[in-house]
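Residue numbers (the numbering used here), protein chains in the order written: chain Y, 2 to 317; chain D, 1406 to 1934; chain E, 866 to 1196; chain R, 810 to 1104.
Cβ atoms here follow ideal geometry from the backbone N, Cα and C, with glycine treated the same way.
Here the structure is laid out as structure tokens; the discussion comes afterwards.
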Amino acid sequence: FAPAAHRAGAGVRVGLVFDIGGKNDRSFNESAWRGLERAKTELGIDVEYIEPTEGADRETALRSLAARGDDLVIGVGFIFGPDLERLAQQFPGVKFAGIDYSPSPGVGTIANLAGLRFREHEGSFVVGAIAAMLTRTKVVGFVGGMKIPLIRKFEAGYIAGVKYVCGECVVLSAYAGTEPRAFADPSLGQELAAAQYGQGADIIFHAAGKTGDGVFAAARQRGLKAIGVDSDQFERAPCCVVTSMVKRVDVAVIDIIKDVIAKRFKGGLHELGLAEHGVTFVSDERNEKLLPLDVVQKARTIADDIVAGKIRVPSE
Amino acid sequence: MTAMIEATLTKRYGGREVLSAARLEVAAGTVHALVGENGAGKSTLVKIIAGIVRADGGSLAIGGTNVDLGAWDRRRARAAGIGIVQQHGASAGTLSVVENAVLGAEGGALLDLAPTAKALEALGAKVGLPIDPWARADRLPLGAAQRAEIVAALHHGAKLLILDEPTAVLAPVEVDGLLATLRTLAKGGTTIVLVTHKLDEVRAVADTVTVLRAGKTVGTFGAPLEVATIARAMVGAELPPPSSVAEPAGDAPVVLALEHVGVAGALPSARPRGRFAGLREAFSGEKRQDAPAPRENVPLADISLVVRAGELVGVAGVDGNGQRELAQAIAGLVPHTGGVKLGGEDISRASAGERLAAGLAHIPEDRHHGGLVLEASIADNLALARRDITGRFAIDRARVRRFAEEQIRSLDIRPTDPEARAAALSGGNQQKIVIARELSRPHVRVVLASQPTRGVDLGAVVRIHDRLRAAAAAGAGVLVISADLDELLALCHRVVVMLRGKIVGERAGAALQGAEARSGLGDLMTGAA
Amino acid sequence: MRRSLPVALLASMAVGSILMLVVGASPGHVWWTMVTRVLGSEYQVGQVLYKATGLALTGLAVSVALDAGLFNIGGEAQLGAGIFACALVGTALPAGTPAIVAIPVCTLAAAAAGGAIGGAIGFLRAKRDAHEVITSIMFNAIVAGVVLVEGSEHIFQGGTTTGPAIVPGAELPRLPLGGSAANCALFIAIAAVALVWWLRARTTWGQAWLAVGRDPDAARHAGISVARVQILVMAGAGALAGLAATSFVMGHKHALEEGLGAGTGLLGIVAALLGRLHPVGVGIASLLLGFLSVGGLAVGDLVPKELTEVLLGVVLLAVATAAAWERRAAA
Amino acid sequence: MIASVLTLAFLAQAIRIAVPYAFAALGGAVQERSGVIDLALEAKLLFGAFAAAAVGHATGSAVCGIAGGVAAGMTVALVQAWCALWLAADQVIIGVALNVIALGGTRFLLQAIYHEGANSPPAPAYGDAVLTNPLVPAAIVCALMVPLAVRRTRWGLRLRAAGDRPDALVAVGVSPRRTRLHAMLVGGALAGAGGAQLSLAVGGFSADMSSGRGYIALAMVILSGWRPALAALACVGVAAAQALSVQVQMHMAGGGELRRQIVDLAPLLPYVVTLLVISLYRGRDRSPPSALGKL
Ligand SMILES: Nc1ncnc2c1ncn2[C@@H]1O[C@H](COP(=O)(O)OP(=O)(O)OP(=O)(O)O)[C@@H](O)[C@H]1O
Ligand SMILES: Nc1ncnc2c1ncn2[C@@H]1O[C@H](COP(=O)(O)OP(=O)(O)OP(=O)(O)O)[C@@H](O)[C@H]1O
Ligand SMILES: [Mg+2]
Ligand SMILES: [Mg+2]
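Pasting the structure below:
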């Protein structure tokens, strides 16, 4: 490493606003946090971040970072969308990026706003295929937090992946609730998982934030399988987490920071799927006992087919 | 004779001295009456002796031994053999009679109530106060609840038994029975302190009388007891002579007609106070006063009755025989069957508000339970839902104040500040507010007064009775519901008696005069006739 | 009463300072930074006002009901319904609807929807003897659920949880405060405070609703229909909470958004209790709460955000105990 | 689907879901019967869950974790008692304030102790087995014993008297304040045990994990007319509705618009059922203890 002052990003200020979970949520936000930290050490940028407490604070947080003259302001979570659009127009000199950003209807490309989106359905498709390959009972489960479009993408891709491998397999789906606290209720997650395991499912994929911890607890107890989400959740239940559908938010964060440093930042949507290594599944020495090599290989083939456009993955 | 109690006590509430070295000396084995106006300090004095309220100064000796007033509490008083039946009762409503009786002396971590229940039942039968030990206290009529407390106090075998206005809600025969029991107990060595407003009870049972006025002892009288002397000592002056109203002519118009009025089932027991009154008090710095728990009621069956203009009609009966339902049915506070006509106008379907507007004035039986908003000021209580005073929507505050000052003057309500909180007034003054609000309604055609003078002192009784007579003289029909026969005899042209939800008899004219009137009505009240 | 307030605030600050020391921050620096960052910036002041606008309205919804003896913890449901209706009506209006029509129509829609939920709670209380705390809790969950499900079925725009924008005519102008979210709904809140004060202190309605709250039995005996008062007051309280939608939808987001305004209904309880149920007090308490939450955010780089949350509870506790202490000292 | 409801597994699930609710409701009923409003159930659940996880993590023993949860619930009750009974502050405000403090406070503790934003380190987990988790039989025993204790013991008698008419207690020489304190400590212990169930079932604490259960439990206390046995039963009802909503989601998926809406709205089942029950059923006396909230 070169001394800080000489590194590529010296003098660049990046601000980041977390979603409700906060920076240590062991998931999505934490992944963004890791990306930011790495950018700081590797690129030598200045960073600051805010963890808002409630919905209405999001805009305040973004704005105060923009107003302090940061070069790039990142909002972590789809919910930042409308705020980012408004601020991008009000602060044309500042660059904005939104993780999971979807443009509001009627809003076209904004030159200083980059939407970093993931094709979660692609990754979910692959872990769905893995689930279908691993299931002995031909019943698999899905546990979602709240039924919102983002989580629907996970579910749709997962179901398609299961059916792709095993047409006659049954997918049991359940959502924890209709309020944001549905993402923070492990007890309920445990019961949802228990019910699905009770119905014969032997592997469950969750997209439910902390509620998913309950899924792992149920899996641990039965020695059945589960699939993690967002980051590698292996250590949550080393017995049981066969793989995780990882969303490389950290990669997306670092890439966009590099774009800013290299002055090649472009507004508009940046979709990260399997091809861009934005979503992937975990296969390493930790889970090799749970995830046999042939399954990994078949999954890789499916992923390649998706990248090559041979498989079309539905997103809802 | 040894002295059971030798007390000289001082007590202050918020800087005001309500007992100023008040003296009370009670000889062992006697019945000692304690009398005085409302707010004279009687309850406070006996509460201190029983260890419920702490004194601010003075001395107290029980059975010849000085006690440390600073450490004197209910536990020590119980240990010293002091039992008390408080003025408004102190039983917990949701507990049964026997549970209330064992409270504080359960005799073990696990409850075994059956023996106590049996003992209570037997004792009640023995002293002429029958009770049901398993009944929930708040499901009992006031009289039965009072009986239960007295029996429980006797059961604990106190050496000194204090009874604070025990007879206000008992039937005449029950009163006689209780007084006889007290005499028997005294003969057996128990010392009795009896707080009362009724001088005939004093004469019937007491050996000695102490009169309290404004927190000071004005005198102690032994036999022979002179009622007039005691009354003068109590009030500090002669009582004004009662006025009287001539009976209306037989063709005076009927202003209230009840036709086969009935109330089904028990009344829903309304909560005595707003549920968040405590919260509001927290913010306003006000102190609250607890209302007695509501009682469940006997249904009402087929009541027919007329009241003529200028007539004072009494409804007698032991508490809990349907009088409350009758009042609530007339006032439109419960759904009822049958017809109610006010001045010829059928109001059977009208709401409470509409009935008031049609010319009814209603003095509810319990000023703390329906009569007053205790947390509100005198003026606000006087103008409560009185659109004729406040104006229809925006409140005319100057007018409300003028009206309040007028009423305060005319009924001698103290304190005279219209902004004083109703809760801080003495019982008699609180009652006057209710009377003033109701009788000052425009175009009153019928006055419905329930227990208008319960717990009120002699002077206030006279003033309240005068107001009721004045209303009748002005052409209203007045229906007075009272458990106090003497009140009805003094006030009414005609008295009907209620028993178990029905009218079981009526007395008028000559039948209300003389010594037999009382016992005759009393027999009707208890079903002995 | 008033003397105890500064004592309570100082005590809370002391507790807050201890917590700051626990996490290794210098209290003096944090407090100073909080004050300067918030008061030193037009934008932050605007944010305080924006927060206070919503809180004052949901706070009034709690205090008004409590005046009538009802504990309205259904602010979330009432506000949620208000937001839903406001956004729905705002988008359904023809595109060119002038502000003079669109703003009153959307405002009314918000108040009516909140009022309907409040009225339902009041009705169940008065006519079915169903405790308002239970029904409020249930309505909170049900309204949020229905908004989410209906939203994602019919309203939210592809892939988002945001609905289409309301017509421009229905947008409330922002206040010129550094581009903050503060908007003209602030005046709606101020008007509501004044209106509630006047109704409560100067009209027969207020007399009736306070009487019902203090002693329903006395009110009944005096000829007031307790059931009617309870239903009307709850409907009014619901309408007040629903009105907060004007700030969120018409003044700020201009669209339905999942989770919009969430938490404001519950925090309204804090505002009402902190303001001691007096309308003006509720207004002041809302400003204080707004300051705390914006200030907490502003010093997010110095102390963890949890600290300001804890502080909120501590302030409430301190104010309550100080009030009780002063009451006893006076007695 | 009907078949899947009539199974032992379904019953076990309903009971399991009911455990934290029932503990909280029993605790709330005991405290409220003694005359002290308990809006702080949410705080007791949260702190109970946190302490159970923290102690469980530190000692490696789930039983110690339970003890920690119980102690935390009692601590919250102690603070509540001090503010309510000694400082005479308003009980509604205390409850709301404690809930606010619990929400931020548990997360603050996560930060301060573990430098974590949302999760505690793993604690021993009981999982969802009904038989090996001592808290499940404990809940059942408590649901039977607490009502009995309230009706048939000296403690219960005095507690009821304190909630109904504290001056009746004063008159017999018993301090209502002490009586209430004892009731609150028992109530706090029960609610704390409910919190322990939350975190020890899944083997760790996560922020906000009580998810409004304290409020639902309070609703059940009120619904039951302050009768602990009925309140616990009502909690089983809520839990059954929640278990049913899971079954509805799993068995009615796919199909037309209406079916989809039903599935989507299924998580609301417990709330809708409660609302219907309370508005349609007007059985017994539902009035609160008459001294509730007063000193
Ligand atoms: N708890 C209290 N707080 C403040 N003042 C009180 C309290 N209790 C009694 N007082 C005051 O003490 C005075 C004496 O009250 P007390 O109850 O002893 O009167 P009493 O002689 O029993 O009257 P009554 O005939 O109405 O029963 C009252 O006038 C009242 O002003
Ligand atoms: N805080 C208070 N301030 C002033 N007066 C009070 C206060 N509390 C009670 N009082 C008055 O003290 C008197 C006696 O109080 P207590 O509680 O003994 O009632 P009581 O004598 O049993 O009832 P009643 O009012 O029916 O005579 C009452 O007249 C009441 O109005
Ligand atoms: Mg007295
Ligand atoms: Mg009195």
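- Distances taken from the Cβ of N942/R to the heavy atoms of ligand 1 include none shorter than 7 Å.
- Look at K1621/D here: in three-state DSSP terms it is strand.
- Proximity to ligand 1 was defined by a C-beta distance below 5 Å to any of its heavy atoms, and the residues meeting it, in sequence along the chain, are Y1418/D, V1423/D, N1443/D, G1444/D, A1445/D, G1446/D, K1447/D, S1448/D, T1449/D, S1831/D, G1832/D.
- Contact between I999/E and I1087/R holds, with the beta-carbon distance rounding to 5 Å and staying under 8 Å.
- Counting along the chain, S984/R sits inside no beta strand (DSSP E), nor does DSSP assign it H or E at all.
- Among the CB atoms of chain R, none fall inside 8 Å of the CB of L1154/E.
- Under the 10 Å beta carbon count, S1158/E is surrounded by 16 or more other beta carbons and is classified as buried.
- If only complete runs of 4 or more residues are kept, the region 951 to 977 of chain R shows the alpha helix (DSSP H) at 963 to 973, in order along the chain.
- By the neighbour-count criterion, in which 16 or more other beta carbons inside 10 Å mark a residue as buried, A1052/R falls on the buried side.
- When the Cα atoms are used, A858/R and C1044/R turn out to be separated by approximately 19 Å.
- Against chain R, the beta carbon of D1478/D has neighbours under 8 Å at G982, listed in chain order.
- DSSP links L1710/D through a beta bridge to L1663/D.
- Taking 8 Å as the cut-off, the Cβ atoms of E317/Y and A157/Y count as close.
- Here DSSP, grouped into helix, strand and coil, assigns N942/R to coil.
- Interface annotation, V979/R: in contact with chain D, CB-CB separation under 8 Å.
- If you draw a straight line from the Cα of V18/Y to the Cα of E60/Y, it comes to about 9 Å.
- By the Cβ neighbour-count rule, L886/E is exposed, with fewer than 16 other Cβ atoms within 10 Å of its own.
- With contacts defined by Cβ atoms closer than 8 Å, I1457/D and A1485/D do not form a contacting pair.
- Here Y1418/D is exposed: its Cβ has fewer than 16 other Cβ atoms, across all protein chains shown, within 10 Å.
- Ranked by Cα distance from G1469/D, the first of G1463/D, E1411/D, A1426/D, E1422/D is E1411/D.
- Around P1098/R, the same chain offers E841, R842, G844, G972, D973, W1035 as residues with beta carbons nearer than 7 Å, after the five sequence neighbours per side are excluded.
- In the assembly as shown, Q91/Y is an exposed residue. Its beta-carbon has fewer than 16 other beta-carbons within 10 Å.
- Contact between the region 1042 to 1051 of chain E and the region 904 to 919 of chain E is present, with at least three C-beta pairs closer than 8 Å.
- Listed as beta-bridge partners of I1597/D by DSSP are V1436/D, L1566/D.
- Non-local C-beta neighbours of G1012/R in its own chain, meaning closer than 7 Å and more than five positions away in sequence, comprise P931, A932, P933, A934, ordered along the chain.
- At least 8 Å separates the CB of S870/R from every CB of chain D.
- At a beta-carbon threshold of 9 Å, none of the residues of chain Y lie near I824/R; the nearest stands roughly 11 Å away.
- Looking only at A1732/D, P1658/D, S1815/D, Q1836/D, the smallest Cα-Cα distance to A1877/D is reached by P1658/D.
- Within the model, the alpha-carbon separation for Q900/R versus V888/R is close to 12 Å.
- Interface flag for E1811/D against chain E is unset, since no Cβ pair is found closer than 8 Å.
- For G1107/E, the enclosing alpha helix (DSSP H) covers residues 1091 to 1110.
- The CB of T179/Y comes closer than 7 Å to the CB of A1009, G1010, L1013, V1014 in chain E, given here in chain order.
- Assigned with DSSP and collapsed to three states, S1151/E falls in helix.
- As DSSP reads the structure, R1428/D sits in a beta bridge with T1413/D.
- Secondary structure at R1459/D: coil, using DSSP grouped into helix, strand and coil.
- Judged by beta-carbon spacing, G1764/D lies beyond the 8 Å limit of S1753/D, meaning their Cβ atoms are not closer than that value.
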